[in-house]
Amino acid sequence: MQIKKILITACLSFISFASFAEGVDSGDTSWILTSTALVLFMTLPGLSLFYAGLVRSKNAISVFMQCFVIACMVSIAWVIYGYSLAFTEGNAFIGGTSLFFLAGIGRDTIAPGTTMPHSLFVIFQMTFAIITPALVVGAFAERMKFGAMCLFSLLWFTAVYIPACHMIWGGGYLADVKDFAGGLVVHLTCGVGALVAAIVLGSRKGFPSSPMPPHNRTMVITGAAMLWVGWFGFNAGSSWAADGLAGMAMLVTHISAATAALTWMAIEWIKQGKPTLIGVATGMVAGLATITPAAGSVGPEGALLIGFMAGIICFYATQTVKGVFGIDDSLDVFPVHGVGGMIGIIMVSFVGVQGGFLGSSAGEDWVPMEQLLIQLKGIVVIGVWTAVATWIILKVVGLVTDLRVSEEEELQGLDVTEHEERSYDLV
Amino acid sequence: MKLITAIIKPFKIDEVREALSSIGVTGLTITDVKGFGRQKGHTELYRGSEYVVDFLPKIKVELAVSDGSLESVIEAILSVTNTGKIGDGKIFVSDLSQVIRIRTGELNEDAL
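Chains as they are written, first to last, in the numbering used here: chain U, 32 to 458; chain C, 512 to 623.
As structure tokens, this is what we get:
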């Protein structure tokens with residue numbers, strides 16, 4: 032009896048000690064569970080509403096379809112091969128096949144280097160993989176064939192997002208680049224991908240002479256607000272823990288959003304005479320995109336600066352892409368996300384240093400000019416890879432199917448021609 | 512009998528309704544329409560560009576009246592819709608050959 036009791040007690044203490052040692056932290060896990068929901072919410076329906084409101088009413092359904100279907104396709108692809116190729120060990124550019132179909136990941140498996148279940152880490156990262164190709168939708172909205180879009184998005188996720196994710200977050204070639212939540216992995220990839228897609232597909236009929244204003248600005252601001260809130264999961268969740276880093280990341284994210292929104296609003300007010308809702312919404316998104324890579328290292332003052340820069344630089348970038356270069360990146364993905372991401376990546380070198388310029392919350396130290404070179408390397412590698420891969424994918428897809436709908440279908444609107452549905456069945 | 516079609520500025524519709532009720536008009540139909548006359552469009556902003564919106568929102572009011580009431584109805588509409596600015600709208604008067612009340616089958620004058 033005595034021996035039995037001793038043995039049982041020993042076993043129990045071994046088990047509880049083992050859990051401590053392996054460490055699924057319930058606080059961290061709860062927060063990342065929540066962040067996952069927040070980041071998915073950014074796509075469904077945040078980004079969907081934001082984009083759908085910006086296009087003309089005859090194309091609203093097509094935008095929702097594109098975002099929703101991308102979410103579904105990427106989810107499945109992530110499970111089958113995406114997660115493995117992004118996060119397991121392979122070479123400098125791509126991971127391995129050891130976790131294809133998430134083999135071996137069960138309920139009690141813990142994600143290496145974290146305090147959360149592996150299943151959770153998989154789905155948390157999945158939400159980032161989902162939103163990135165969904166952001167590219169903004170470039171080819173109102174004119175891409177649905178089938179071509181599906182094929183393109185799946186291939187783009189595979190050949191652009193996965194390698195970028197592996198290089199920067201999966202221990203690959205760019206592991207020394209500081210990209211906290213996706214300035215390169217998400218924003219530069221989608222921005223450059225969007226620019227290339229807009230160029231290859233060509234402009235919408237009537238661009239740039241006919242104005243194509245948003246059909247529902249209330250939808251735009253609703254979606255934008257959802258993006259703001261969801262971004263707390265995007266940036267603060269990237270700490271992978273419920274800790275001070277998450278708290279500061281959330282704070283600086285918020286500051287950047289508010290500052291950029293007001294900056295954009297001020298520029299519009301002065302330049303054009305009136306502040307607009309679309310301007311405030313766009314400025315806010317630019318601020319969020321720009322702080323994304325820096326959220327883990329800047330402090331509040333740094334966030335004010337970054338938000339301010341985002342508001343100014345992204346505003347003029349928006350005018351330039353369409354106005355100067357005549358590229359119909361329909362929903363301004365490159366000037367907001369691409370340019371924003373790059374600014375953030377660069378600024379990390381300067382405002383992220385512990386006790387440095389404008390103070391920070393960084394736990395690590397680096398030499399600004401040294402880090403700048405590394406950050407720039409990241410921009411060039413990801414930028415060029417994305418541009419080339421996107422171009423190739425579009426050409427390949429173009430061999431299988433038309434990329435664009437016909438001119439008549441474009442005039443009628445994609446809702447009826449691609450989906451035989453009307454967004455609004457008003458009298 | 513006459514069919515009066517009035518194109519008016521949207522914010523005037525409540526005053527038109529009250530003015531017509533006060534002279535005993537019992538029914539009318541309104542439609543949201545867009546159009547322009549001499550009032551050119553107005554400008555709106557989108558992503559830094561100003562663009563001209565040619566078609567302006569208006570409301571079309573249609574009502575059937577007896578020949579005897581025509582003058583007072585037109586007078587009532589004009590009194591509340593005239594702002595003196597371009598874009599006030601127009602009133603069209605056309606002949607109405609038949610009117611039928613669906614519920615009872617009453618015809619013409621009895622159906623007004």
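Glycine included, C-beta positions come from ideal geometry on N, C-alpha and C.
Between the Cα of U/G261 and those of U/V208, U/L226, U/F183 and U/T158, spot the shortest distance and give me the residue it belongs to.
U/T158
Among the residues of its own chain, which have a CB less than 7 Å from the CB of U/A228, if the five just before and after it don't count?
V167, A170, F171, T421 and L425
U/G254 vs U/G137 beta-carbon contact at 7 Å:
no
Whole angstroms are fine: how far does the CA of U/F188 sit from the CA of C/E526?
Roughly 58 Å between the two C-alpha positions.
Pick from U/D360, U/F124 and U/I162 that is closest to U/S106, judged by C-alpha positions
U/I162
So what does C/P568 bridge to, in DSSP terms?
C/K545
U/P306: which of C/Y557, C/L618, C/K523 and C/G546 sits nearest, CA to CA?
C/Y557
Of all the CB atoms in chain U, is at least one closer than 7 Å to the CB of C/G559?
yes
For the alpha helix (DSSP H) holding C/S496, just list the boundary residues, first then last.
Because chain C here runs from 512 to 623, residue 496 of chain C falls outside it and cannot be looked at.
Between the region 571–587 of chain C and the region 599–616 of chain C, are three or more C-beta pairs nearer than 8 Å?
With the cut-off at 8 Å, the region 571–587 of chain C and the region 599–616 of chain C touch.
What does U/T307 touch in chain C if you count any residue whose Cβ is under 7 Å from its own?
L556
Burial state of U/M400, where buried means 16 or more other Cβ atoms lie within 10 Å:
exposed
Could you tell me which residues DSSP puts in a beta bridge with U/P148?
U/I141
Considering only residues of the same chain and omitting the five flanking positions on each side of U/L75, which have a CB-CB separation below 8 Å?
Take U/L75, set aside five residues on each side of it, and the residues of its chain with a beta-carbon closer than 8 Å to its own are C98, F99 and A102, in chain order.
Just by C-beta distance, which residues in the region 357–368 of chain U are closer than 9 Å to chain C?
Those residues of the region 357–368 of chain U that come within reach of chain C (Cβ to Cβ, closer than 9 Å) are D363.
List the DSSP bridge partners of C/A517.
Looking at the DSSP output, C/A517 sits in a beta bridge with C/V572 and C/I602.
Okay, do the region 323–331 of chain U and the region 369–377 of chain U touch, 3+ Cβ pairs below 8 Å being the bar?
yes
Mind checking who U/Y347 pairs with in its DSSP beta bridge?
Looking at the DSSP assignment, U/Y347 forms no beta bridge with any residue, so it has no partner.
DSSP on U/S129, reduced to helix/strand/coil?
coil
Alpha carbon to alpha carbon, how far is U/A288 from U/G342? Give it in angstroms, no decimals.
9 Å
Quick check on the burial criterion: 16 or more other C-beta atoms within 10 angstroms. Buried or exposed for U/I344?
The Cβ neighbour count for U/I344, taken over all protein chains shown within 10 Å, is at least 16; the residue is labelled buried.
DSSP state of C/L539, grouped into three classes?
C/L539: coil per DSSP, three-state reduction.
Considering only their Cβ atoms, is the gap separating U/E441 from U/K209 smaller than 7 Å?
no
Identify each residue in the region 400–411 of chain U for which the Cβ-Cβ distance to at least one residue of chain C is less than 7 Å, and report them in chain order.
none
Cβ closer than 9 Å: which chain C residues qualify as neighbours of U/T349?
R558 and G559
Where DSSP assigns a beta bridge to C/T554, which residues make up the other side?
C/V563
Start-to-end residues for the alpha helix (DSSP H) that takes in C/M512:
Note, C/M512: premise wrong, no alpha helix (DSSP H); not H, not E.
Contacts of U/Q303 in chain C (Cβ-Cβ under 8 Å):
L556, G559 and E561
Between U/L442 and chain C, is any beta-carbon pair separated by less than 7 Å?
no
Minimum C-alpha distance to U/T417 - residue among U/T448, U/P143 and U/V223:
U/V223
Flag U/P244 as yes if its beta-carbon sits less than 7 Å from any beta-carbon of chain C, otherwise no.
yes
Would you say C/R614 lies against chain U (beta-carbon separation less than 7 Å)?
no
Identify, in the order they occur along the chain, each residue of the same chain with its Cβ nearer than 6 Å to the Cβ of U/P194, setting aside the five sequence neighbours on each side.
F124 and I125
Report the rounded CA-to-CA distance for U/D56 versus U/L308, giving the unit in angstroms.
Roughly 42 Å between the two C-alpha positions.
What ranges does the alpha helix (DSSP H) occupy inside the region 352–425 of chain U, keeping only unbroken runs of at least 4 residues that lie completely in it?
370–382
So who's on the other strand from U/Q435, going by DSSP bridges?
Looking at the sequence provided, one finds Arg at residue 435 of chain U rather than Gln. Per DSSP, U/M175.
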